[in-house]
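Numbering (the working numbering), first residue to last: 179 to 683.
Glycine included, every Cβ here is placed at the ideal spot set by N, Cα and C.
A quick note: this is a predicted structure, and the numbers were derived from the prediction, not measured.
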Amino acid sequence: RVSDVARIELGAQTYSQQGRLNGKPAALIALYQMPGANALQAADGAKKLMEKIKQSFPPDLDYVIALDTTLSVTEGIKEIKHTLFEALVLVMIVVFVFLQGWRATLIPLLAVPVSLVGTFMLFPMFGFSINTLSLFGLVLAIGLVVDDAIVVVEAVEHHIENGMSPKDATLRAMEEVTGPVIAIAVILAAVFVPTAFIPGITGQLYQQFAVTIAISVIISAFNALTLSPALCAMLLRPKVKGSGPVQKFYDWFNGVFGRVTGGYVGICRIAIRRSLISLVFLVGVTVSAGFFGKMVPAGFLPDEDQGYVFAAVQLPDASSLQRTSEIAAQAEDLIMKVPGVQYTTTVVGYSMLSQVTNTYSAFFFVTLKNWADRKQPEEQYTAIKAELSKRLASIPGAIAFAFPPPAIQGVGTSGGATFVLQDRAGKDIAFLAENTTKFIEAAKKRPELASVSTTFRPTVPQLFIDVDQDKVLKQGVLLSDVYKTLQSFLGSGFINYFNRFGRQW
């Protein structure tokens with residue numbers, strides 16, 4: 179029996195990695211979203227499943243969701259919802275002030291939900307979902323979808339003031355504004371739709387934003403040609419000048435607006451008669467746009483507070499897992515002392531940057547406290563990341579640093595840019611290593627680059643075993659037995675599958 183010559187136990191599937199939570203041993207479980215799945219629904223389903231499984235845990239066992247990447251998505255959607263509401267309120271106030279009547283105000287406002295709901299209905303046709311990009315597009319669309327309805331309402335009110343009935347005024351107005359309404363929709367679509375054809379990942383981001391606005395604008399034009407005229411005929415009535423504070427505000431506003439309009443018209447007349455002034459003004463606007471445009475950050479996406487930060491520790495090549503674990507423990511102690519940090523999830527024996535398992539790397543998921551609980555300046559994302567890098571840099575015998583997660587989950591392993599250096603001369607690995615070092619040193623001299631590193635490790639020590647086949651054969655030993663024995667001692671040996679915990683191992 180095997181038990182006569184060996185110790186038999188049910189161990190871990192692999193001993194090449196270690197997992198810890200806030201410095202204590204832990205079994206780490208990572209859940210990844212499947213393509214096409216709803217991230218929020220998947221996270222909610224995972225939480226419900228864990229609560230169900232928890233009921234069968236031993237008394238001294240518990241679980242913690244140390245990193246939930248959907249929290250930033252949830253917070254972002256909440257902010258966008260607030261922005262949508264604020265935009266709707268602002269549009270309502272502006273429309274009411276200019277049209278000066280609840281009947282006239284109601285008609286353009288009804289165009290907003292019709293256009294937005296219609297946009298949602300067409301999302302599946304384009305393979306879109308309700309996400310941050312599409313919601314941003316809807317925020318901008320709220321101010322655009324009321325334009326066509328306002329044009330219709332003002333045209334109808336103009337004819338009503340001239341003594342026509344609401345129905346006749348609507349018919350006359352639609353004869354006049356049908357063409358302009360269609361032209362407005364086509365022009366706006368012509369502005370946004372071309373951005374959907376930008377190639378690459380940038381084009382995919384613009385695509386959802388642009389198509390969302392274009393769809394809502396087209397639906398609003400259709401709404402202005404169908405629903406708005408019907409509402410005008412039903413709701414609009416000849417205006418009767420009232421009295422009171424509201425009417426006084428209207429009179430004051432109309433007077434100010436009339437003077438501003440008159441001044442604007444006067445400036446336009448001067449500009450038309452003196453083309454040199456117009457040319458100088460146009461050149462000034464163009465130069466200013468170019469000057470201030472250069473001041474805008476030109477990165478792919480801004481580095482935002484997603485509620486967590488990454489950190490990595492790199493020891494000298496071929497360092498033992500035990501040594502790496504000790505250094506990782508020092509890093510954990512430093513990380514947990516940084517204000518604003520809630521959890522530190524450690525994976526010893528894995529490099530997130532190179533996506534490989536080795537004994538001389540450790541990786542940390544640093545989860546920050548909730549945004550509402552981080553009010554102090556030192557608890558803000560940028561300050562925390564800088565403090566982490568400062569403290570980790572003090573660890574002797576290792577390279578340790580903090581870095582942001584990717585701006586878009588799944589696009590890269592970290593924030594920033596990735597550069598691939600290729601040896602097209604076909605020389606040996608030493609040549610590539612030498613030029614990689616030169617490239618890194620040159621890149622570090624660039625003032626706009628905060629940190630430059632590489633995962634290329636060509637000097638990792640390796641052990642080679644040469645078997646003296648002649649001597650093995652003279653001893654009457656099969657070469658296959660020698661290699662199997664080496665495999666068992668240096669690696670592992672496969673015996674068979676077995677069933678346990680309802681699974682096959």
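request  = Compare the beta carbon distance of T637 and D495 with 8 Å and say whether it is the shorter of the two.
outcome  = yes
C-alpha gap between E739 and V418, whole angstroms = The chain is shown from 179 up to 683; residue 739 falls before or after that span and cannot be answered.
task = Over the uninterrupted alpha helix (DSSP H) stretch that includes L413, give me the two end residues.
result = 378–413
key: Residues near S769 by beta carbon distance below 6 Å, same chain, minus five either side   = Any property of residue 769 remains undetermined from this structure, which presents the chain solely from 179 to 683.
query = Which term fits A578, buried or exposed, when burial requires 16 or more other beta carbons within 10 angstroms of its beta carbon?
reply = buried
inquiry  = Is the separation between the beta-carbon of A684 and that of L245 shorter than 8 Å?
reply    = Outside the shown range of the chain (179 to 683) lies residue 684, about which nothing can therefore be said.
task = Look up Y675 in the DSSP assignment and say whether it is helix, strand or coil.
result = coil
R552 in three-state terms, based on DSSP = coil
ask   = Along the chain, which unbroken stretches of the beta strand (DSSP E) at least 3 residues long are found entirely within the stretch 188–274?
value = Counting only runs of at least 3 residues, the stretch 188–274 fully encloses the following beta strand (DSSP E) elements, listed from N- to C-terminal order: 196–199.
request  = Could you tell me if V487 is buried or exposed, where buried requires 16 or more neighbouring beta carbons within 10 angstroms of its beta carbon?
outcome  = buried
request  = Using 10 angstroms around the beta-carbon of R552, count the other beta-carbons present and answer buried if the total reaches 16, otherwise exposed.
outcome  = buried
query = For Q211, which residues of its own chain have a beta-carbon under 6 Å away from its beta-carbon, when the five flanking residues on both sides are left out?
reply = A217, A220
query = To which residues of the same chain is V317 closer than 8 Å at the C-beta, ignoring the five residues directly before and after it?
reply = I258, T261, L262, A265
query = My guess is that L199 and Y521 are in contact by the Cβ rule of under 8 Å, so how many angstroms apart are they, rounded?
reply = Yes, they are in contact, since the Cβ atoms of L199 and Y521 sit about 7 Å apart, within 8 Å.
task = Rank G462, I573, S453 by C-alpha distance to the C-alpha of D150 and give the top, closest one.
result = Residue 150 lies beyond the residue range present for the chain, which begins at 179 and ends at 683; the question has no answer from this structure.
key: A361 and I396 closer than 8 Å at C-beta   = In this structure, I396 does not lie closer than 8 Å to A361 by Cβ.
key: Those residues which DSSP pairs with A540 across a bridge   = V491, V526
task = Could you tell me whether any Cβ in chain C is nearer than 8 Å to the Cβ of M299?
result = Considering every chain present, this structure includes no chain C. It has just one protein chain.
message = Classify V273: buried if its beta carbon has 16 or more other beta carbons within 10 angstroms, exposed otherwise.
response = buried
request  = Mark Q682 as exposed unless 16 or more other C-beta atoms lie within 10 angstroms of its C-beta, in which case mark it buried.
outcome  = exposed
ask   = Applying the criterion that 16 or more other CB atoms from any shown protein chain within 10 Å of the CB defines a buried residue, is A140 buried or exposed?
value = Missing from the structure shown is residue 140; the chain here goes from 179 to 683 and no further.
message = I believe I285 touches V331 by the beta-carbon criterion, under 8 Å. Please report the beta-carbon distance rounded to the nearest angstrom.
response = 5 Å
request  = Using only alpha-carbon positions, find the residue among W549, S532, V355 that is nearest to V598.
outcome  = S532
request  = Using the Cα positions of Q600 and F581, report the straight-line distance between them to the nearest angstrom.
outcome  = 25 Å
task = For S406, collect the residues of the same chain with a Cβ closer than 6 Å to its Cβ; drop the 5 residues on either side in sequence, then sort them by chain order.
result = I285, A327, V330
message = Considering just the uninterrupted stretch of the alpha helix (DSSP H) at I607, what are its terminal residues?
response = 607–622
Assumed close pair V290, V323 - CB separation to whole angstroms, cut-off 8 Å = 6 Å
inquiry  = Among F301, L651, T404, S234, whose alpha-carbon lies nearest the alpha-carbon of L349?
reply    = T404
task = Using DSSP bridges, identify the partner residues of L546.
result = V519
task = Using three-state DSSP, classify T535 as helix, strand or coil.
result = strand
ask   = Hey, which unbroken runs of the alpha helix (DSSP H) at 4 residues or more fall wholly within the stretch 446–471?
value = none
key: F642 - DSSP class collapsed to helix/strand/coil   = coil
request  = Enumerate in chain order the residues of its own chain whose CB-to-CB distance from R281 is below 7 Å, with the five nearest sequence positions on each side excluded.
outcome  = L413, L414, R415
query = Are T537 and T502 touching if we call contact CB-CB under 8 Å?
reply = Contact check for T537 against T502 passes: the beta carbons are separated by less than 8 Å.
ask   = Nearest-angstrom Cα distance between K605 and N613?
value = 11 Å
task = Ignoring anything shorter than 4 residues or poking outside the stretch 304–378, list the alpha helix (DSSP H) runs there in chain order.
result = 310–339, 344–370
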